[in-house]
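Engineer: Chains as they are written, first to last, in UniProt numbering: chain A, 1 to 238; chain B, 1 to 238.
Positions of the beta carbon are idealized from the N, C-alpha and C atoms, including for glycine.
In this text the structure is predicted, and so the values were computed from the model without any measurement.
This structure is in structure tokens; I'll ask about it shortly.
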DNA sequence: TAGCAACCAAGTACGCTGTTCGCAATTACG
DNA sequence: CGTAATTGCGAACAGCGTACTTGGTTGCTA
């Protein structure tokens, strides 16, 4: 074994000796993406992806050593579909736009959060994305550590907001209609929680809060990112 | 079928009619927690947990309708092990402490992020935690929407910071020693990335940044949370 | 006290998963 | 041309979650 490279991006897509492969890595990624988008991440099995490609199951292992590598391919391909806008030169607007792009991406493909949580995508599109992120904060600071912190804070905020919004959304979708009905469906438990007096604040907030009822989905992100940018700006040297 | 309740917390732990169960929900949770802590979340299988309890595999389904409910039990039990400190009355300090607790919890048990990502824990400990979170921001605002946003922003930040730190950590652990060696191990790929000139900022940052080399693990969180709190404070009405 | 409904533990089995192995076919280099 | 490398793929395997069934135990009720 001629010490293979550990990550897929370090391996050549195909050797120069054998017959030419029936598919490409991009086709694998596209097929897996199609399945994940339409049927969820759980439906992305080797057999399902192979069927989508019209190929044998174990043939996939000619392109990928592992299922996790297939997920890597998917993540990178998903990142490849977003094209960063031109920079305005004002770091605040650019960083906000980048965070918004990240947030939108995670809302559109909920499975991405679960998929990429294990390890970051270091494929070509991931690197391009990293470069773009760094370029947005280039005007804010020249210190590399500072730059990493800034883009780290922004992207982790986008991740958190997206996952929270998603959780809220499907919690509401889980049972059809209004929140009152949802609480009623919980029956004695929901009632006891809200009326037992053990959680007075929670009860008050659950009853009075309007966000889960009326506000558009991205309110939490839109409001929060502005505050975060305020905090960043206030702490910037110079 | 007398319309069973959908969530486990709404079901009584045991009926009053039959023989007394050999175990309790807490024992299930503790066993699963033990497995997850020592062998990772992937090792938490029904068979493994049953073996840990010294019980039959399918007996677990007397306590739990689903494996996901076992995960719910685990998440709630993990939350039960942290005890919130007494409030100081100053919301900024209290919210920072709460976020820190959340961050520490997720660092100590990395699997929690993956486990609880699907749906939030609404068990007794989860509710207690929610109540505590709300109490920290009670002094900052009285508007329920505002309160939810504040604790949401804080916890999502803790989640994001923990998962990013974890990713960094195990990326470094993946290959033994220094970052130079890691890059070298990537071989031609790492070199080409850094020297190709396609990603100049990324190359510069990778070479010059000191955070991944020397800084303690929680720097990103510690620095970031302060900025977030600044942003919150600056935007508070009154 | 007798009977019966409710409840528990456990074994068996099914369908699904990711993955290894072996084999035939195909291509490029010396 | 022959040899070595590479590809597609069917068969097979271990492990997973869990539905079903059987047999034993408990406690209310008549």
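Cβ closer than 8 angstroms: which chain A residues qualify as neighbours of residue 230(B)?
Structural biologist: On the second chain, position 230 is the one that residue 230(B) refers to. Chain A residues near residue 230(B): 230, 231, 234, 235.
Engineer: Which chain A residues are close to residue 44(B), counting only those with a beta carbon under 9 angstroms from its beta carbon?
Structural biologist: Counted from its first residue, the second chain places residue 44(B) at position 44. Chain A residues near residue 44(B): none, gap ~16 angstroms exceeds 9 angstroms.
Engineer: Between the stretch 107-125 of chain A and the stretch 53-61 of chain A, do at least 3 Cβ pairs fall closer than 8 angstroms?
Structural biologist: The answer is no - the stretch 53-61 of chain A does not touch the stretch 107-125 of chain A, with fewer than three Cβ pairs under 8 angstroms.
Engineer: Determine, using beta carbons only, whether residue 64(B) comes closer than 7 angstroms to chain A.
Structural biologist: By one-based count along the second chain, residue 64(B) stands at place 64. Taking Cβ atoms only, chain A never reaches closer than 7 angstroms to residue 64(B), which makes this a no.
Engineer: Measure the C-alpha to C-alpha separation of residue 221(A) and residue 27(A) and round it to an integer number of angstroms.
Structural biologist: Within the first chain, residue 221(A) is the residue found at index 221, counting from 1. Within the first chain, residue 27(A) is the residue found at index 27, counting from 1. Between residue 221(A) and residue 27(A), the C-alpha separation is close to 34 angstroms.
Engineer: Determine whether the beta carbon atoms of residue 133(B) and residue 209(A) lie at a separation below 7 angstroms.
Structural biologist: Counting from one through the second chain, the residue named residue 133(B) turns up at place 133. Counting from one through the first chain, the residue named residue 209(A) turns up at place 209. Cβ atoms of residue 133(B) and residue 209(A): not closer than 7 angstroms.
Engineer: Leaving out the 5 sequence neighbours to the left and right, which residues in its chain are closer than 7 angstroms to residue 80(A) when beta-carbon positions are compared?
Structural biologist: Reading the first chain from its first residue, position 80 is the one you call residue 80(A). If we look at residue 80(A) and ignore the five residues flanking it on each side, its Cβ neighbours are 125.
Engineer: So which residues on chain A does residue 220(B) lean against when the C-beta distance must stay under 7 angstroms?
Structural biologist: In the second chain, the residue the question calls residue 220(B) occupies position 220. Here the neighbours are 149, 152.
Engineer: With respect to 6 angstroms, is the separation between the Cβ of residue 70(A) and the closest non-hydrogen atom of the ligand FAD below this value?
Structural biologist: Ligands are entirely absent from the displayed structure, and the ligand FAD is therefore not among its contents.
Engineer: Which value, in whole angstroms, describes the spacing of the CA atoms of residue 199(B) and residue 122(A)?
Structural biologist: Here residue 199(B) corresponds to residue number 199 of the second chain, with the count starting at 1. Here residue 122(A) corresponds to residue number 122 of the first chain, with the count starting at 1. Those two C-alpha atoms are separated by around 12 angstroms.
Engineer: Please specify which runs of the alpha helix (DSSP H), each continuous and at least 4 residues long, are wholly inside the UniProt domain "HTH tetR-type" (22-82) of chain A, giving them in chain order.
Structural biologist: With a minimum length of 4 residues, the continuous alpha helix (DSSP H) runs that stay inside the UniProt domain "HTH tetR-type" (22-82) of chain A are 25-39, 46-53, 67-80.
Engineer: Taking DSSP as the reference, what is the three-state secondary structure of residue 132(B)?
Structural biologist: Residue numbering aside, residue 132(B) sits at position 132 when the second chain is read from its first letter. Residue state, collapsed to three classes: helix.
Engineer: Would you be able to state if there are at least three C-beta pairs under 8 angstroms between the stretch 143-163 of chain B and the stretch 98-106 of chain B?
Structural biologist: With a cut-off of 8 angstroms, the stretch 143-163 of chain B and the stretch 98-106 of chain B count as touching, because enough Cβ pairs lie within range.
Engineer: Classify residue 13(B) as helix, strand or coil using the three-state DSSP reduction.
Structural biologist: In the second chain, the residue the question calls residue 13(B) occupies position 13. Looking at residue 13(B) - three-state DSSP - the assignment turns out to be coil, as it is neither helix nor strand.
Engineer: Establish whether the CB of residue 176(A) and some CB of chain B are separated by less than 7 angstroms.
Structural biologist: Within the first chain, the letter at position 176 stands for residue 176(A). Its pLDDT being 45, under 50, residue 176(A) is placed unreliably by the model, and the measurement read from it follows with that caveat. It does not: the Cβ of residue 176(A) has no partner Cβ on chain B nearer than 7 angstroms.
Engineer: In this structure, how does DSSP classify residue 199(A) when only helix, strand and coil are distinguished?
Structural biologist: Residue mapping note: residue 199(A) aligns to position 199 of the first chain, counting from 1. In this structure, residue 199(A) counts as coil in the three-state DSSP scheme.
Engineer: Does any residue of chain A have a CB that is nearer than 7 angstroms to the CB of residue 145(B)?
Structural biologist: Taking the second chain and counting its residues from 1, the one referred to as residue 145(B) is at position 145. It does: the Cβ of residue 145(B) has a partner Cβ on chain A nearer than 7 angstroms.
Engineer: Are the Cβ atoms of residue 77(B) and residue 33(B) separated by less than 7 angstroms?
Structural biologist: Position 77 of the second chain holds residue 77(B). Position 33 of the second chain holds residue 33(B). Contact flag set, yes.
Engineer: Excluding the five sequence neighbours on either side, which residues of its own chain have a C-beta within less than 6 angstroms of the C-beta of residue 90(B), listed in chain order?
Structural biologist: Along the second chain, read from residue 1 onward, the residue named residue 90(B) stands at position 90. So no residue of the chain qualifies.
Engineer: Determine, using beta carbons only, whether residue 227(A) comes closer than 7 angstroms to chain B.
Structural biologist: On the first chain, residue 227(A) is found 227 positions in, with the first residue counted as 1. By this cut-off, residue 227(A) is an interface position.
Engineer: At 8 angstroms on the CB atoms, spell out the chain B contacts of residue 205(A), in chain order.
Structural biologist: As a first step, residue 205(A) is located in the first chain; it is residue number 205 there, counting from the start. In chain order: 134, 144, 147, 148.
Engineer: Would residue 223(B) pass as a contact of residue 144(A) if the rule is Cβ separation under 7 angstroms?
Structural biologist: The sequence position of residue 223(B) within the second chain is 223, counting from 1. The sequence position of residue 144(A) within the first chain is 144, counting from 1. Result no, Cβ atoms of residue 223(B) and residue 144(A) do not sit closer than 7 angstroms.
Engineer: Strictly below 7 angstroms CB to CB, what residues from chain A border residue 159(B)?
Structural biologist: Numbered from its first residue, the second chain carries residue 159(B) at position 159. Under the 7 angstroms cutoff, chain A gives 160.
Engineer: According to DSSP, is residue 235(B) part of a helix, a strand, or is it coil?
Structural biologist: On the second chain, residue 235(B) is found 235 positions in, with the first residue counted as 1. The answer is coil: DSSP assigns residue 235(B) none of H, G, I, E or B.
Engineer: Is it buried or exposed for residue 136(B), if we count other Cβ within 10 angstroms and need 16 for buried?
Structural biologist: Your numbering for residue 136(B) matches position 136 in the second chain. Counting Cβ neighbours within 10 Å, residue 136(B) comes out buried, since at least 16 surround it.
Engineer: In chain order, what residues of the same chain have a beta carbon less than 8 angstroms from the beta carbon of residue 49(A), not counting five sequence neighbours either side?
Structural biologist: In the first chain, the residue the question calls residue 49(A) occupies position 49. Same-chain partners within the cutoff: 28, 31, 32, 35, 60, 70.
Engineer: Compare the Cα-Cα distances from residue 170(B) to each of 99(B), 217(B), 230(B), 150(B) and report the closest residue.
Structural biologist: Indexing the second chain from 1 puts residue 170(B) at position 170. Nearest option by C-alpha distance: 217(B).
Engineer: Quick one: does residue 74(A) have its CB under 7 angstroms from some CB of chain B?
Structural biologist: Working through the first chain from its first residue, we reach residue 74(A) at position 74. Residue 74(A) does not count as touching chain B.
Engineer: Consider the Cβ of residue 199(A): report whether some Cβ of chain B lies at a distance smaller than 7 angstroms.
Structural biologist: In the first chain, residue 199(A) corresponds to position 199, counting from 1. Yes - at least one Cβ of chain B is within 7 angstroms of the one on residue 199(A).
Engineer: If we ignore side chains and look at the alpha-carbon of each, how far apart do residue 9(A) and residue 65(A) end up?
Structural biologist: Residue mapping note: residue 9(A) aligns to position 9 of the first chain, counting from 1. Residue mapping note: residue 65(A) aligns to position 65 of the first chain, counting from 1. Taking the straight line joining both Cα atoms gives about 12 angstroms.
Engineer: At the level of alpha carbons, what is the spacing between residue 116(B) and residue 74(A)?
Structural biologist: If you number the second chain from 1, residue 116(B) lands on position 116. If you number the first chain from 1, residue 74(A) lands on position 74. Straight-line Cα distance between these residues: approximately 23 angstroms.
Engineer: Quick check on this structure: which residue in 92(A), 55(A), 83(A) has the alpha carbon closest to the alpha carbon of residue 101(A)?
Structural biologist: Translated into the one-based positions of the first chain, residue 101(A) becomes position 101. When only C-alpha atoms are compared, the closest one is 83(A).
Engineer: Rounded to whole angstroms, what is the Cα-Cα separation between residue 241(B) and residue 219(B)?
Structural biologist: Outside the displayed range of chain B (1 to 238) lies residue 241(B), so it cannot be described from this structure.
Engineer: Distance check for residue 53(A) and residue 201(B), CA to CA, integer angstroms please.
Structural biologist: Along the second chain, one-based indexing puts residue 201(B) at 201. Along the first chain, one-based indexing puts residue 53(A) at 53. Those two C-alpha atoms are separated by around 38 angstroms.
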